[in-house]
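Asks:
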Amino acid sequence: MAYKKGIIQGAPFIRQEKVGHVPPKGRPLSVEELRALYHLADKEYLKRFILWMIGTAGRPDAICELNLSQIDLEHGLVHLNPPGREQTKKYRPSVKLPPTLRNEMGEGPWLIMYKKKRVKEVKAAWRRVRAAAGLDGAVQPYSLRHTVARYLRASGVPAWEVSAQLGHKQHGFSITEIYAPFDPSYLSASSIALEKLLAEIIVPTNIRPLTLPERCQNGDDAQGADGAKSLKGMVGGTRFELVTPTMST
Numbered sequence: 012m013a014y015k016k017g018i019i020q021g022a023p024f025i026r027q028e029k030v031g032h033v034p035p036k037g038r039p040l041s042v043e044e045l046r047a048l049y050h051l052a053d054k055e056y057l058k059r060f061i062l063w064m065i066g067t068a069g070r071p072d073a074i075c076e077l078n079l080s081q082i083d084l085e086h087g088l089v090h091l092n093p094p095g096r097e098q099t100k101k102y103r104p105s106v107k108l109p110p111t112l113r114n115e116m117g118e119g120p121w122l123i124m125y126k127k128k129r130v131k132e133v134k135a136a137w138r139r140v141r142a143a144a145g146l147d148g149a150v151q152p153y154s155l156r157h158t159v160a161r162y163l164r165a166s167g168v169p170a171w172e173v174s175a176q177l178g179h180k181q182h183g184f185s186i187t188e189i190y191a192p193f194d195p196s197y198l199s200a201s202s203i204a205l206e207k208l209l210a211e212i213i214v215p216t217n218i219r220p221l222t223l224p225e226r227c228q229n230g231d232d233a234q235g236a237d238g239a240k241s242l243k244g245m246v247g248g249t250r251f252e253l254v255t256p257t258m259s260t
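In terms of the numbering used here, the sequence shown opens at residue 12 and continues consecutively.
Here it is in structure tokens:
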């Protein structure tokens with residue numbers, strides 16, 4: 012840059028090193044861990060964020076920037092890329108709107124709002140619910156996206172459809188050219204699988220009690236990897252019962 016601007020007379024040689032495999036941000040979660048995050052969330056906007064991350068497999072930024080005008084209720088579509096925004100390497104596709112999410116839209120104009128203002132990020136709220144659930148620091152908002160990707164493959168959803176849901180480009184052909192978003196068959200298998208996953212997560216705890224990680228039930232007060240204490244003294248405050256052999260007492 013300095014050479015191009017004429018600040019220096021010559022540019023030094025810089026060897027380009029290939030970057031190896033970079034692991035995804037955040038580890039995948041079990042369905043019970045997803046349920047714990049959802050039901051222990053202390054803010055409604057965080058619950059909505061969790062459900063929409065799962066129901067669309069979108070990236071955190073795309074969900075926080077989602078305006079209700081991007082949701083096409085008539086055709087059951089969510090356009091994750093807002094009008095006028097140029098697509099980048101992190102492609103934001105148009106995906107099917109799972110029925111459950113129709114009841115999780117709020118009053119707008121933005122999807123994720125708190126005190127009538129758009130929530131630009133959920134880092135602080137995420138750390139609180141992660142601590143409440145006793146989960147490790149590797150559990151990030153991106154964990155929701157990676158969990159959905161694994162769940163879709165485990166549910167038998169075709170690989171190309173999983174890629175389309177996640178916004179991954181395919182070599183040799185374009186998914187949107189073969190199955191346009193307005194085609195009823197577009198992402199049909201993915202949509203069915205995601206609706207099933209959402210239904211498992213939102214089951215009320217009085218019908219299906221939370222089963223939190225074993226380390227949350229061990230009774231010690233040791234600090235976790237991210238500074239979170241055991242849930243032994245916290246369960247009463249969250250009004251949830253732990254599933255233990257002594258539950259009857």
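All residues carry an ideal CB built from backbone N, CA and C; glycine is no exception.
#1: By DSSP's criteria, Y102 is part of a beta bridge. Which residues make up the other side?
#2: For the beta strand (DSSP E) that contains H90, what are its first and last residues?
#3: How about L163 and H50: do their beta carbons lie closer than 8 Å?
#4: Helix, strand or coil for Y125 per DSSP?
#5: On the criterion of 16 or more Cβ atoms from any shown chain inside 10 Å, does E76 qualify as buried, or is it exposed?
#6: Residues in the same chain with beta-carbon distance under 7 Å from L177, minus the five sequence neighbours each way, listed in chain order, please.
#7: Could you round the C-beta distance between L45 and I212 to whole angstroms and report it? I think they count as a contact, below 8 Å.
#8: At which residues does the alpha helix (DSSP H) containing A134 begin and terminate?
#9: Look up I74 in the DSSP assignment and say whether it is helix, strand or coil.
#10: Below 7 Å CB to CB, which residues in the same chain sit around L155 once its five sequence neighbours on both sides are set aside?
#11: Which value, in whole angstroms, describes the spacing of the CA atoms of K127 and G119?
#12: Quick one: what does DSSP say I25 is sitting in, helix, strand or coil?
#13: Would you grab the beta carbon distance between V150 and R141 for me? Rounded to a whole angstrom, and I think it's under 8 Å.
#14: Once DSSP output is grouped into helix, strand and coil, what is the label at I19?
#15: From the DSSP output, in three-state form, read off K36 for me.
#16: Who are the Cβ neighbours of G40 in its own chain at under 6 Å, not counting the five residues just before and after it?
#17: Going by other Cβ atoms of all chains shown within 10 Å of its Cβ, with 16 needed for buried, is I123 buried or exposed?
#18: For the putative contact between W121 and R113, defined by C-beta atoms under 8 Å, what is the C-beta separation to the nearest angstrom?
#19: Measuring only the C-alpha atoms, how far is G21 from Y14?
#20: For the alpha helix (DSSP H) that A149 lies in, which residues bound it at each end?
Replies: From the atom records:
#1: Looking at the DSSP output, Y102 sits in no beta bridge, so it has no partner there.
#2: Run containing H90: L88 to H90, per the beta strand (DSSP E) assignment.
#3: Pairing L163 with H50 gives a Cβ-Cβ distance that is not under 8 Å.
#4: DSSP places Y125 in strand when its eight states are reduced to three.
#5: So E76 counts as buried.
#6: The residues are A68 and A160.
#7: Between L45 and I212 a beta carbon distance of about 5 Å is seen, short of the 8 Å cut, so the two are scored as contacting.
#8: At residue 134 the sequence reads Lys, which differs from the Ala that was named. Run containing K134: K134 to A143, per the alpha helix (DSSP H) assignment.
#9: It is helical.
#10: Result list for L155: I61, M64 and I65, in chain order.
#11: C-alpha separation (whole angstroms): 8 Å.
#12: Per DSSP, reduced to three states, the secondary structure at I25 is coil, with no helix or strand assignment.
#13: Rounded, the Cβ-Cβ distance is 5 Å, consistent with contact.
#14: In the structure shown, the three-state DSSP call for I19 is coil.
#15: DSSP, reduced to helix, strand and coil, places K36 outside both helices and strands of the structure shown, so it counts as coil.
#16: The sequence as given places Leu at residue 40; Gly does not occur at that position. Hits under 6 Å: S154 and T158.
#17: I123 comes out buried.
#18: About 17 Å separates the CB atoms of W121 and R113; that is not less than 8 Å, and the two are not in contact.
#19: G21 and Y14: Cα-Cα distance of roughly 6 Å.
#20: A149 -> no alpha helix (DSSP H), and no H or E assigned at all.
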